[in-house]
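> Here it is, the structure in full.
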Amino acid sequence: MTYAAETRDLTRIFKRKAKRHLFKRKAAKNNEKENGGPVTALDRVSLTIKEGELFGLLGPNGAGKTTLIKVLCTLLLPTSGSAYVAGFDVSKDVNKIRKKISMVSGGETSGYGLLTTRENIWMFSQFYGIQSKVAKERIDDLMHTFSLTDKKNVKVRTLSTGERQKMNMIRGFVTDPEILFLDEPTLGLDVNASRTIREYVMDWVRKREHKTVLLTTHYMAEADMMCDRVAIIDQGRILSLDTPANLKKMIRKESTVQLEVDSLKSTAALGTIKGITNFSSKDDIVRGSTNLTIIVEDESAISDIMSAITSQGSRIRSMRKTDPTLEDVFISMVGKGLEE
Amino acid sequence: MTEPGFIRLNVRAMLGRSYPRIVGGTRELSWIFFETVLPLLSIAAYVFIYKAFLPEDPSQITQTMLDRVNALIGYVVIGGTMTAFWLNVLWSMASQLYWEKEVGNLQLYMMAPMSRMALLGGMAVGGMVMTSTRAITTLVVGVWIFGIVLAFGNPLLILAVFFVTLIALYGMGMMFASLYLLYGREAWNLSALMEEPIFLLSGFYFPVKALGQAVAIGASIIPATLGLDALRQLMFSASGFGTQFYFFSPELELGVLCVLAVLFLALAKLSLGYLETLAKKEGRLTTRHQ
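Chains as they are written, first to last, in our numbering: chain A, 453 to 792; chain B, 128 to 417.
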């Protein structure tokens, strides 16, 4: 069976080589000392993405999501292992892959500010050899869909962040790729712009044949809502891979307790309490509080948790038990939240 | 829909990449001041220096003196016009891929199915068209203001020399574009370093042979050197200095320029291919701030 994308023991290590200097010499070993050692961005990643699937890659910043996308987009070579897109090897068949893919990243500032929105998208379509007339028709259709028609003759440098990201999305779709890589596409966008993008992406995959999306995000609700399957990735390793429902089932016998307490000096005591699977904490500077998400396998641990908090002189402001979310799955596996 | 063939794909890609330069470049009319009026000021400075060679007393001015000064002024106007191309090659070709990386375009270019030469070619064609508009404006205004009489005895050869010089010059820019990417921000220093010294070595404001045969031969690696010398020979015939300051024959210079054009284009292809492999191995050349 040919998958839309497949990786086998894919490893990518960044060696942090000495920076090239034109005008000064610097010893390589000193440079390495300054920068730290090699970084393993992907550690024996094996996964398959089926044709027609909306596949999510969920993980915190620096987990290896973008590196995986760059390998699959033929922008990076694997250090070891292999990766295939549409059945073609990313190390050998780059031109065959490049005709079938497109990529859009969140916060992208590509294009030229002097050109209009329509001209910028048209320019990128030409790099895929699309007939000019066809490209312009597609651009107009997509601009209508993304509610950007009134901005089509506006210079790109005058667009807002949301409008610019919509333009980037249109650039991604205008070449009608078989496989679309979306790297945090809704990063920093308002609710409406994010919703437009999410809805179009889901429609695009569901209503057309042979279209596949690999979406990376650290918004767990986005992955939960959009994806057929989700891989949870941290420190370059795939921790779990299943449908969002099945992932949540994994911790169903556990409970999620959310507490808001006065700012805690230390959460170390929580780690010693029996019955806690894992927990994450996030300080809210404005409210002067600490928000705790605690996964407990035994609810009798809750009284110990409350004691540990009050013994620090901290007051419990609120406490509630919630249904498991993908973030809870992540906390249960990694011991920290996605946005920490 | 059928996929476009190799040629169609790359021609479209080239036109697409040249578009921002051709169309976008004319959207800000400030270029008229910055790229036409300002170059005329430096040309004017040399013109006044050359005019100062003439004796104050008009009765002492001979026809030979006048011819020589007029020839020098003509050389300056032609050279000053060609500076636009050299500056475009340095700042909008050589430094371009580095800049594209910074704004996030480079990785989108690199993952597109077009040939890398189509990308560089589009940049070059766009740069040539955009700069030609500016250069021709400077030339016309310069000829008009300073009263230069040009000869067009062999227009085909003039056009051939001009276009082959541009191809070789932009081929060199395409090669530098790849190499500059390797050195990141320091490349900007390299461009600054190559600006004024090349004006001197290539004889933009005076006949290059005045530097001596050995230096002129060395400087011929920069296509502007031979291109300028050939254009001056063809557009000013043997007036003023006779053939005293002319280097080789225009035909030979055209031949060498053809070799340089092929050489630089081949090196550009090789260096960008090498660089792409390096980028994919090291993973830092398509990423900003690295």
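From the three backbone atoms N, C-alpha and C, an ideal C-beta is built for every residue, glycine too.
Can you pull out the residues from the stretch 207-234 of chain B whose beta carbon lies closer than 7 Å to at least one beta carbon of chain A?
Val230, Gly231, Asn232, Gln234
> Which residues of chain A have a Cβ atom closer than 8 Å to the Cβ of lysine 408 of chain B, listed in chain order?
To locate residue 408 of chain B, count along the second sequence from 1; it is residue 281. By Cβ distance, chain A contributes Leu529.
> Regarding serine 732 of chain A and the ligand ATP, is the C-beta to nearest heavy atom distance less than 7 Å?
The ligand content of the structure shown is nil, which means the ligand ATP is not present either.
> How would you list, in chain order, the residues of chain B whose beta-carbon sits under 9 Å from the beta-carbon of threonine 526 of chain A?
Walking along the first sequence from the start, residue 526 of chain A turns up at place 74. Met237, Met238, Lys407, listed in chain order.
> Ignore the nearest five residues each way along the sequence and tell me which others in lysine 396 of chain B's own chain have a CB closer than 7 Å to its CB.
By 1-based counting over the second sequence, the position of residue 396 of chain B is 269. Once the five neighbours on either side are set aside, the close Cβ partners of lysine 396 of chain B are Met244.
> Distance, Cα to Cα, isoleucine 465 of chain A vs glycine 688 of chain A?
Along the first sequence, read from residue 1 onward, the residue named residue 465 of chain A stands at position 13. Along the first sequence, read from residue 1 onward, the residue named residue 688 of chain A stands at position 236. Roughly 10 Å between the two C-alpha positions.
> Please confirm if phenylalanine 598 of chain A has its CB atom under 8 Å from at least one CB of chain B.
For the purposes of this step, residue 598 of chain A is taken as residue 146 along the first sequence, with counting starting at 1. Phenylalanine 598 of chain A does not count as touching chain B.
> So tyrosine 796 of chain A is in the beta strand (DSSP E); what residue range does that whole segment cover?
What is shown of chain A runs 453 to 792, which leaves residue 796 of chain A out entirely.
> Per DSSP, which residues does arginine 460 of chain A bridge with? Please list them.
On the first sequence, position 8 is the one that residue 460 of chain A refers to. Answer is A:Ser534, bridged to arginine 460 of chain A.
> Verify whether the separation of the beta carbon atoms of methionine 785 of chain A and isoleucine 684 of chain A is less than 8 Å.
Translated into the one-based positions of the first sequence, residue 785 of chain A becomes position 333. Translated into the one-based positions of the first sequence, residue 684 of chain A becomes position 232. Contact flag set, yes.
> Might you give, ordered along the chain, the residues of its own chain that have their beta carbon closer than 7 Å to the beta carbon of methionine 321 of chain B, omitting 5 neighbours on each side?
As a first step, residue 321 of chain B is located in the second sequence; it is residue number 194 there, counting from the start. Leu217.
> Tell me the start and end of each unbroken beta strand (DSSP E) in the stretch 324-385 of chain B that is at least 3 residues and wholly inside, in chain order.
Inside the stretch 324-385 of chain B, DSSP marks no whole beta strand (DSSP E) run of 3 or more residues.
> Ignore the nearest five residues each way along the sequence and tell me which others in asparagine 620 of chain A's own chain have a CB closer than 6 Å to its CB.
By one-based count along the first sequence, residue 620 of chain A stands at place 168. So the list reads Val556, Glu560, once near-sequence residues are dropped.
> Against chain A, with Cβ distances strictly below 8 Å, would glutamate 254 of chain B count as a contact?
Taking the first residue of the second sequence as position 1, residue 254 of chain B is located at position 127. The displayed chain sequence assigns glycine, not glutamate, to residue 254 of chain B. It does not: the Cβ of glycine 254 of chain B has no partner Cβ on chain A nearer than 8 Å.
> Counting only the same chain and skipping the five closest in sequence on each side, list residues whose C-beta sits under 6 Å from that of histidine 416 of chain B.
Stepping through the second sequence from its first residue, residue 416 of chain B is reached at position 289. Confidence in histidine 416 of chain B is poor, its pLDDT being 41 and thus under 50, which makes the residue's placement unreliable; the coordinate value appears in the next sentence. Closer than 6 Å at Cβ, skipping near neighbours: no residue.
> Any residues in the stretch 561-580 of chain A with a beta carbon nearer than 8 Å to a beta carbon of chain B? Which ones, in chain order?
Thr561, Ser562, Gly563, Tyr564, Leu566, Leu567, Glu571, Trp574, Met575, Phe576, Ser577, Gln578, Phe579, Tyr580
> Answer with yes or no whether the minimum CB distance from asparagine 730 of chain A to chain B is below 8 Å.
In the first sequence, residue 730 of chain A corresponds to position 278, counting from 1. False, the Cβ-Cβ gap to chain B never drops below 8 Å.
> Taking the alpha helix (DSSP H) that lysine 734 of chain A belongs to, which residues open and close that run?
Position 282 of the first sequence, counted from the first residue, corresponds to residue 734 of chain A. Counting along the chain, lysine 734 of chain A falls outside any alpha helix (DSSP H), though it belongs to the beta strand (DSSP E) covering 728-736.
> Tell me whether glycine 508 of chain A sits in a helix, a strand or coil according to DSSP, three-state version.
For the purposes of this step, residue 508 of chain A is taken as residue 56 along the first sequence, with counting starting at 1. Three-state DSSP puts glycine 508 of chain A in a strand.
> Apart from the five residues just before and just after leucine 594 of chain A, which ones in its own chain have a Cβ nearer than 7 Å to its Cβ?
Counting from one through the first sequence, the residue named residue 594 of chain A turns up at place 142. Result list for leucine 594 of chain A: Ile622, Phe625, Val626, in chain order.
> With distances taken between CB atoms, is the gap from aspartate 714 of chain A to arginine 767 of chain A smaller than 8 Å?
What you label residue 714 of chain A is simply residue 262 of the first sequence in a count that begins at 1. What you label residue 767 of chain A is simply residue 315 of the first sequence in a count that begins at 1. Between aspartate 714 of chain A and arginine 767 of chain A, the C-beta spacing is below 8 Å.
> Give the straight-line distance between the Cα atoms of valine 174 of chain B and leucine 199 of chain B, rounded to the nearest whole angstrom.
Counted from its first residue, the second sequence places residue 174 of chain B at position 47. Counted from its first residue, the second sequence places residue 199 of chain B at position 72. In a straight line, the C-alpha of valine 174 of chain B is about 8 Å away from that of leucine 199 of chain B.
> Measure the beta-carbon distance from alanine 457 of chain A to isoleucine 501 of chain A and round it to whole angstroms, keeping in mind my assumption that it falls under 8 Å.
The count along the first sequence starts at 1 and reaches residue 457 of chain A at position 5. The count along the first sequence starts at 1 and reaches residue 501 of chain A at position 49. A Cβ-Cβ separation of about 4 Å places alanine 457 of chain A in contact with isoleucine 501 of chain A under the 8 Å criterion.
> Tell me whether leucine 235 of chain B sits in a helix, a strand or coil according to DSSP, three-state version.
On the second sequence, position 108 is the one that residue 235 of chain B refers to. Correct three-state label for leucine 235 of chain B: helix.
> Looking at the structure shown, is phenylalanine 633 of chain A part of a helix, part of a strand, or coil, going by DSSP?
On the first sequence, residue 633 of chain A is found 181 positions in, with the first residue counted as 1. It is a strand residue.
> In chain A, what lies closer than 9 Å to leucine 247 of chain B by C-beta?
For the purposes of this step, residue 247 of chain B is taken as the residue at position 120 of the second sequence. Under the 9 Å cutoff, chain A gives no residues; its nearest Cβ is about 13 Å from leucine 247 of chain B.
> What three-state label does DSSP hand isoleucine 690 of chain A in the structure shown?
By 1-based counting over the first sequence, the position of residue 690 of chain A is 238. Correct three-state label for isoleucine 690 of chain A: strand.
> Looking at the C-beta of methionine 678 of chain A, does it have a partner C-beta in chain B at a distance below 8 Å?
Along the first sequence, one-based indexing puts residue 678 of chain A at 226. No, no contact with chain B.
> Is the stretch 325-341 of chain B in contact with the stretch 353-364 of chain B, if contact means three or more CB pairs nearer than 8 Å?
yes
> Going by C-alpha to C-alpha distance, which of B:Leu381, B:Leu384, B:Cys385, B:Leu355 sits closest to phenylalanine 372 of chain B?
Walking along the second sequence from the start, residue 372 of chain B turns up at place 245. Checked all of B:Leu381, B:Leu384, B:Cys385, B:Leu355; the closest Cα to phenylalanine 372 of chain B is B:Leu355.
> Quick one: what does DSSP say alanine 480 of chain A is sitting in, helix, strand or coil?
On the first sequence, residue 480 of chain A is found 28 positions in, with the first residue counted as 1. Only weak support is given to the placement of alanine 480 of chain A: the predicted model assigns it a pLDDT of 49, under 50, and the question is left unresolved by the model.
> Chain B partners of asparagine 513 of chain A, CB-CB under 8 Å?
Position 61 of the first sequence, counted from the start, is the residue given in the question as residue 513 of chain A. Within chain B, no residue comes near asparagine 513 of chain A; the closest Cβ sits about 15 Å away, beyond 8 Å.
> Cα separation between alanine 480 of chain A and serine 543 of chain A?
Residue mapping note: residue 480 of chain A aligns to position 28 of the first sequence, counting from 1. Residue mapping note: residue 543 of chain A aligns to position 91 of the first sequence, counting from 1. With a pLDDT of only 49 at alanine 480 of chain A, under the threshold of 50, the placement of this residue in the model should not be trusted; the figure read from the coordinates follows. Taking the straight line from one Cα to the other gives about 28 Å.
> Against chain B, with Cβ distances strictly below 8 Å, would arginine 550 of chain A count as a contact?
The residue labelled residue 550 of chain A in the question sits at position 98 within the first sequence. Yes, contact with chain B.
> Answer yes or no: does any C-beta atom of chain A fall closer than 8 Å to that of arginine 139 of chain B?
Within the second sequence, numbered from 1, the residue matching residue 139 of chain B stands at position 12. So, interface residue.
> Which residue from A:Lys726, A:Pro629, A:Ser732, A:Leu520 puts its Cα closest to that of phenylalanine 782 of chain A?
For the purposes of this step, residue 782 of chain A is taken as the residue at position 330 of the first sequence. Comparing Cα-Cα distances from phenylalanine 782 of chain A to each of A:Lys726, A:Pro629, A:Ser732, A:Leu520, the minimum goes to A:Ser732.
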